[in-house]
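In our numbering, the protein residues as written are 17 to 295.
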């Protein structure tokens, strides 16, 4: 049976709990992250786009009474290949994307942990939150390690950060279900991801494309400077679109571990139910 049919079978009778439990971390994360992105792009758009000659003159800080010959020299230098240009990407946008991405990642991490508990025990949102609280001593270090490596990879170059986020995208489920946390949990996530990365990539790309289409399409209907309205839209879209893909990623963890250990998924679910009980 394929991933989607597995996820649909396990979600039967639990859809309400899945959406509620996932929304608890996703809505605040996308509310904050959406506001960060909106402000970053708004500030970048408001930055003046100086011509090359003016940018060079500004850098050289010519006095108002500078001779005409010196001003001509500046304009001549501006026409040369090495003259300063406006950066292709604003630093404000880059910083906004990084911080918003980390906030989104934290919300997705906690949502996956909650939904794995629901997959294992068919419980409600309150029981899933209690299970997260009982395992937070392990989840906290894993989340911190994930955000640290993704941030470092993104600062060094964008691609390593994206690859780290993808490789560690089963870390929450791993920490919730196994006796690992921190960097060992990230290594374990990567081991499992090597078995199921095509399915996880499909979930990530499909959910990501739908999020972008809805937020960009519906965002055009909102006032241009309404930060709260755009942030609420991001949170609402995330609450509608993401719970089922995140639940499917939790099911994907179960499938990967079942294939690795040669155990039925039901045996793993019983083990998770016992080990993730609060208290």
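Built from N, CA and C at the ideal position, the CB exists for glycine as well.
Here the structure is a predicted model, which means the values were calculated and not measured.
Beta carbon of residue i nearer than 8 Å to that of residue j
i           : j           : result
residue 243 : residue 45  : no
residue 187 : residue 202 : yes
residue 34  : residue 260 : yes
residue 154 : residue 191 : yes
residue 281 : residue 271 : yes
residue 249 : residue 181 : no
residue 183 : residue 205 : yes
residue 106 : residue 60  : yes
residue 284 : residue 273 : yes
residue 47  : residue 251 : yes
Rounded Cβ spacing between residue i and residue j (contact assumed at less than 8 Å)
i           : j           : result
residue 262 : residue 131 : 6 Å
residue 215 : residue 36  : Residue 215 to residue 36, Cβ: 25 Å. No contact.
residue 247 : residue 239 : At roughly 13 Å, the Cβ-Cβ gap does not stay under 8 Å, so residue 247 and residue 239 are not in contact.
residue 230 : residue 257 : 7 Å
residue 42  : residue 127 : 5 Å
residue 30  : residue 138 : 6 Å
residue 163 : residue 118 : 5 Å
residue 255 : residue 39  : 4 Å
residue 177 : residue 185 : Not quite, the Cβ-Cβ distance comes to about 13 Å (not below 8 Å), so this is no contact.
residue 211 : residue 277 : The pair is not a contact, with the Cβ atoms about 11 Å apart (cut-off 8 Å).
At a cut of 8 Å, does the region 151-167 reach the region 234-245 through at least three beta carbon pairs? no
Report the residue ranges of all beta strand (DSSP E) runs contained in full by the region 219-287; include only those spanning at least 3 residues, in chain order. none
Taking contact to mean 3 or more Cβ pairs, one atom from each stretch, closer than 8 Å, check whether the region 265-272 and the region 132-145 are in contact. yes
Using a Cβ distance threshold of 8 Å, determine whether the region 53-60 contacts the region 109-122, with at least three qualifying pairs required. yes
Jot down the residue ranges of each uninterrupted beta strand (DSSP E) in the region 178-217, minimum 3 residues, whole runs only, in chain order. none
List, from N- to C-terminal side, the alpha helix (DSSP H) runs of 4 residues or more that fit wholly inside the region 113-182. 141-150, 152-172
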